[in-house]
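Shown next, in structure tokens, is the structure this report addresses.
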Amino acid sequence: MAEEVLQLALHNALAGLESILVSFESKLSGSDDYTFLLRELGNRSEYEKAIKCFNFAVRRETRRTEQGKLATAMISILGRLGKVELARGVFHTALNEGYGKTVYAFSALISAFGRSGYCDEALKVFDSMKNYGLKPNLVIYNAVIDACGKGGLEFKRVVEIFDEMLRSGVQPDRITFNSLLAVCSRGGLWEAASNLFSEMVDRGIDRDIFTYNTFLDAVCKGGQMDLAFEIMAEMPAKNIFPNVITYSTMVDGYAKAGRFDDALNLFNEMKFLGVGLDRVSYNTLLSIYAKLGRFEEALDICREMEDSGMRRDVVTYNALLGGYGKQGKYDEVRALFDEMKAQKVSPNLLTYSTVIDVYSKGGLYDEAMDVFREFKRAGLKADVVLYSALIDALCKNGLVESAVSLLDEMTKEGIRPNVVTYNSIIDAFGRSATSEHVFDAVGIRESLADSSSSLVIKQCIHGTAVDREDNRIVKIFGQLAAEKGGQAKKDCGGKREILCILGIFQKMHELEIRPNVVTFSAILNACSRCDSFEDASLLLEELRLFDNQVYGVAYGLLMGYRENVWIQAQSLFDEVKLMDSSTASAFYNALTDMLWHFGQKRGAQLVVLEGKRRQVWDNVWSNSCLDLHLMSSGAARAMVHSWLLNIHSTVFEGHELPKLLSILTGWGKHSKVVGDGALRRAVEALLTGMGAPFQLAKCNLGRFVSTGPVVTAWLRESGTKNLLVLHDNRTQPENTRFEEISNLRTLTL
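Residues 5 to 753 (the working numbering) make up the sequence shown, in order.
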């Protein structure tokens, strides 16, 4: 009978539902049938009909317990549909009318708030239970822990709730631990997740596929892909077999770590084992191919996905837009963005952020402004990703004061900057021509340090009028378009830059925004652009107060304390090894550039050799070829010396060199024009200065070649080895004590 009522309800308008329920009232068997109706209507998103059915049923039910069951079901259904205010209304009505004072009703509302990310509201409901004389049980604690996880509450606070649960004598179950693991997975807290995973064994709690998948997600987000592989490999021995979610998690983890070959190999294994792909798998794979610039294969995945009955969704389009954008394929981005809207796939905040970022970095500011206006018409509110993209575009065009002005606007809008936002500004302050106006750097630093100010200094704001957010951004795009014409920018060098960087870094520290390896690389790049050795050493010395492990290593190498800090440096290199390959290579490039720039060339050489040993650059050298195309100028020159010394040893050990020797620079990391890269020019000057017998290949302007016999003859010359051996301009005796700084707080990368 309930099934028949359901079909009639679905095929009739809301207004006719009351008469249907009345006609079947005598044939329905109490709250169980009505609960079935509520659930099935909810599954079809017919929440208005579900509410009408609930009101009808609860009026006719006289037993409080049954009314409470109906209320709990209705609250849960509305929570699943994201209708939290309606769920709150049902809950309060139930409380007021005397049938809502049950742990199940409270649990349902807590879960409803949790699903929508309203963690604070969920905690208020949890805390209010004691006012009604209710003692939280396992169901309640599981609901509130799950809600806190979904609402983004920090792990420390969730653990406090877990500890309270244990003190209350409530023993956790698998659902409890799965929810705790989910909190860890959202933050990539792989070590905490490992401890929880082990605790389940200690408590004798069985782990299921959800446990493993959530644990793997935390480990992957923490960048520990080798550990993740070991965990996945042990699953079959526990009679738990990887499913599509397991594989999707691993593939995504490898992709985010830059290990694309491992990701694709795992995908092939997935297909070989007959594991059916879901939408997440297809989108992850498509994203990998797009990032690699392999668009034909990406489009093949799109077609395969559509053949499987899955239409392209917003995630699919976002991946393709980002991939085409990174390759500078602006026509394809424009066509894809138009196709997306024609296919009735609504762009989301990430879509608009991606397209605006792509156009901004490509100098297409009018197009970026049009997309921003469309974004505003769509009724969306800018988030930290969009603001960070705009700030980055301003910084890369030297408009640092405008970037700082936008940072101020962002904070006034209640949007908290993240490490990406600050990295862009730090990097820009370190450029040789940083800002469109000379500014009061002391004022910047003082204002940044003043917690009562809104992060940014009034002196940095170009103009005093407070415009609306959208008008300000439109004006900024206009400014970018004008700057594209090549207006001169004034240099803000030396100590002014240093004060700005220190002020921003201090503010990051106050806001507990943790610097990452990109921050470190940006600061090292700033050091390389400093006017003098004294400026660079001053900057690093000041930054040691924030983090002596990271900046102490850089400062020690710069000042010639290499023997004293090398063990500490090894620990830093171990941390960097956990990063993805592009981030790790950026770190080594930045560190060696700084050391080479200030004459610490032996230190630079040791750093690049450490990078080679740790395989930061794949297949960088062989006996016949040195590949420098992923290296910066300083790293490449240090590596040339190392490679030539290596083949020098080969010659003096009596071995023959290969017939042809090559040094590849490609276009170079910083090149803009084919055949005229900064890296090629730097390597050419180095080889010429040493008298090394290498010439540019006629068919490849980024390749230097020579023959084995010619290089052998040059290496055997008496003065060649002295040319190849590098030295530091500044050295300190090995027993000299490296200056300690008191009250240091070490921040991990």
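Using N, Cα and C, we set each Cβ at its ideal position, and we do this for glycine too.
Nothing here was measured: the structure is a model prediction, and the numbers come from that model.
*asked:* Taking 6 angstroms as the cut-off, is the C-beta of glutamate 310 nearer than that to any heavy atom in the ligand FAD?
replied: For the ligand FAD, the structure offers nothing, since it holds no ligand at all.
*Take the Cβ of threonine 692 as the centre, count every other Cβ of all protein chains shown within 10 Å, and call the residue buried at 16 or more, exposed below.*
exposed
*asked:* Residues in the same chain with beta-carbon distance under 8 angstroms from leucine 543, minus the five sequence neighbours each way, listed in chain order, please.
replied: The answer, listed in chain order, is Ile502, Ile505, Leu506, Ile527, Ala530, Cys531, Cys534.
*What is the DSSP secondary structure of tryptophan 625, counted as helix, strand or coil?*
If DSSP states are grouped into helix, strand and coil, tryptophan 625 belongs with the strands.
*Can at least three beta-carbon pairs, one atom from the stretch 133 to 142 and one from the stretch 169 to 181, be found at a separation below 8 angstroms?*
In short, these stretches touch, since the Cβ pair count reaches three.
*Relative to the alpha-carbon of valine 655, which residue among His601, Trp625, Gly712, Arg707 has its alpha-carbon at the smallest distance?*
Gly712
*Identify every residue that forms a DSSP beta bridge with arginine 707.*
Per DSSP, Leu668.
_Please give me, in chain order, every unbroken run of the alpha helix (DSSP H) with length at least 4 that falls completely inside the stretch 351 to 387._
353 to 365, 369 to 381
_Rounded separation between asparagine 427 and valine 522 - CA only_ = Roughly 7 angstroms separates the two Cα atoms.
*Indicate whether alanine 109 and threonine 76 have their beta-carbon atoms separated by less than 7 angstroms.*
Yes. Within cutoff.
*According to the Cβ coordinates, are tryptophan 625 and leucine 634 closer than 7 angstroms?*
Taking a C-beta distance under 7 angstroms as the contact criterion, tryptophan 625 and leucine 634 do not qualify as a contact pair.
*Roughly how many angstroms lie between the CA atoms of leucine 270 and leucine 277, to the nearest whole one?*
11 angstroms
*Check leucine 630 in the structure and name its three-state DSSP category.*
strand
*How close, in whole Å, do the beta carbons of tyrosine 321 and valine 349 come, if the pair is a contact with beta carbons under 8 angstroms?*
6 angstroms
*Continuous alpha helix (DSSP H) stretch holding alanine 6: start and end*: 6 to 15
*asked:* For serine 646, tell me which candidate among Leu32, Leu613, Leu664 has the shortest Cα-Cα distance.
replied: Leu613
*In whole angstroms, what is the alpha-carbon distance linking leucine 296 and glutamine 175?*
48 angstroms
*Beta-carbon proximity check, threonine 288 vs aspartate 256, cutoff 7 angstroms*: Against a cut-off of 7 angstroms, the Cβ pair of aspartate 256 and threonine 288 comes out as a contact.
*Closest to glutamate 101 by CA distance: which of Leu82, Ile81, Gly72 is it?*
Gly72
*In whole angstroms, what is the alpha-carbon distance linking aspartate 631 and glycine 670?*
8 angstroms
*asked:* For glutamine 699, report the span of its alpha helix (DSSP H) as first-last.
replied: Element bounds for glutamine 699: not the alpha helix (DSSP H) but the beta strand (DSSP E), 699 to 701.
*DSSP state of glutamine 604 mapped onto helix, strand, coil*: strand
_For isoleucine 571, count the other beta carbons within 10 Å of its own beta carbon; 16 or more makes it buried, fewer makes it exposed. Which is it?_
exposed
*From Arg684, Leu719, Ala639, Val375, pick the residue whose C-alpha is nearest to that of isoleucine 651; which is it?*
Leu719
*asked:* Between which residues of its own chain and threonine 253 is the CB-CB distance below 7 angstroms, once the five residues before and five after are set aside?
replied: Asn217, Leu220, Asp221, Cys224
*Mind checking whether isoleucine 144 and isoleucine 165 have CB atoms under 7 angstroms apart?*
Contact: no.
_When Gly226, Arg641, Gly262, Arg283 are compared against tyrosine 251, the one with the closest alpha-carbon_ = The shortest C-alpha to C-alpha distance from tyrosine 251 to any of Gly226, Arg641, Gly262, Arg283 is the one to Arg283.
*asked:* According to DSSP, aspartate 732 sits in a beta bridge with which residue or residues?
replied: Gln604
_For the alpha helix (DSSP H) containing proline 713, name the first residue and the last one._
Its alpha helix (DSSP H) spans residues 712 to 720.
*Ordered along the chain, which non-local residues of its own chain (more than five positions away) have a Cβ less than 8 angstroms from that of histidine 731?*
Lys605, Arg606
_Which same chain residues end up closer than 6 angstroms to glycine 658 when comparing Cβ atoms and leaving out the 5 residues on each side of it in sequence?_
Cβ neighbours of glycine 658 beyond the five flanking positions: none.
_At the level of alpha carbons, what is the spacing between serine 409 and alanine 393?_
14 angstroms
*Under the three-state reduction of DSSP, which class applies to asparagine 322: helix, strand or coil?*
Helix at asparagine 322.
*Can you name, in chain order, every residue of its own chain whose Cβ lies under 7 angstroms from the Cβ of threonine 587, other than the five neighbours on each side?*
Val521, Val522
*Does the Cβ-Cβ distance between valine 644 and leucine 690 come in under 7 angstroms?*
yes
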